[in-house]
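J.: I have a structure here, written as structure tokens, and I will follow up with some questions on it.
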Amino acid sequence: MKKLIIVRHSRAEDQTHEFTDFERSLTGKGKSIARLMANVLKAKEKRIGVLITSPAFRALETALIFAEEFNIKHEQITLNSKMYLRMNTRALDEIFSVTSDDIDTITIFGHNPAFSEIANAMSNEGCDYMPKCGIAVLYFNVKKWTEVLRSKGKLEFLLKPEKAL
Numbered sequence: 261m262k263k264l265i266i267v268r269h270s271r272a273e274d275q276t277h278e279f280t281d282f283e284r285s286l287t288g289k290g291k292s293i294a295r296l297m298a299n300v301l302k303a304k305e306k307r308i309g310v311l312i313t314s315p316a317f318r319a320l321e322t323a324l325i326f327a328e329e330f331n332i333k334h335e336q337i338t339l340n341s342k343m344y345l346r347m348n349t350r351a352l353d354e355i356f357s358v359t360s361d362d363i364d365t366i367t368i369f370g371h372n373p374a375f376s377e378i379a380n381a382m383s384n385e386g387c388d389y390m391p392k393c394g395i396a397v398l399y400f401n402v403k404k405w406t407e408v409l410r411s412k413g414k415l416e417f418l419l420k421p422e423k424a425l
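Start counting at 1 in the sequence shown, then tack on 260, and there's your number in the working numbering.
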């Protein structure tokens, strides 16, 4: 069985002329919510596998918080530039194609609308809109990452911050 955990970044600062969209940081509340959601996930999942994130600072910060809560070294987080502006199911297929089949879980961190669309496309019953720091966990009854197909995943659960608060 292969598992895909999709995490939308937490609440970020509003865009201003001082910083580009790429440089936006999490707000204090966004950091607190990310830590809370990491712990909600931790109560359900013991391991979150390989962490891959958009290099945009708000997504990376979210990934770093999850890594801390799951005792994963920061150096083990992979940055993937396609997750910033070009994320789609084809980019996800590329990630699957280079992931060892010894790894059972991949956790990705990034942005909407792509992450809601991916969660919906990969699930056989569809997936609701993902709010900031929402987490969709899908599993696929396959042995190899290259066998993961769109609309064949089973949505194990969808976690939303408003329900965790």
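Even glycine gets a Cβ: it sits at the ideal position worked out from N, Cα and C.
On a predicted model such as this, the values are computed, not experimentally measured, just so you know.
Give the DSSP bridge partners of residue 262, in chain order.
T.: 400
J.: Just how far apart, CA to CA, sit residue 330 and residue 424?
T.: 18 Å
J.: Could one say the Cβ of residue 355 lies closer than 9 Å to chain C's Cβ atoms, at least one of them?
T.: Of the protein chains in the structure, only one exists, and it is not chain C.
J.: Go to residue 300, then tell me how far its beta strand (DSSP E) extends in each direction, as first and last residue.
T.: Per DSSP, residue 300 belongs to no beta strand (DSSP E); it is in the alpha helix (DSSP H), 288-304.
J.: Which class does residue 409 belong to by DSSP, given the choice of helix, strand or coil?
T.: coil
J.: Between 396, 405, 379, which has its C-alpha nearest residue 362's C-alpha?
T.: 405
J.: Look up residue 272 in the DSSP assignment and give the residues it is bridged to.
T.: 286
J.: For residue 386 and residue 272, what's the separation of their Cα atoms in angstroms?
T.: 27 Å
J.: Among residues of its own chain, excluding the 5 on either side of residue 414, which ones have a beta-carbon nearer than 6 Å to its beta-carbon?
T.: Answer for residue 414: 399, listed in chain order.
J.: Assuming residue 374 and residue 396 make a contact with CB atoms under 8 Å, what is their CB distance in whole Å?
T.: About 12 Å separates the two Cβ atoms, so there is no contact after all.
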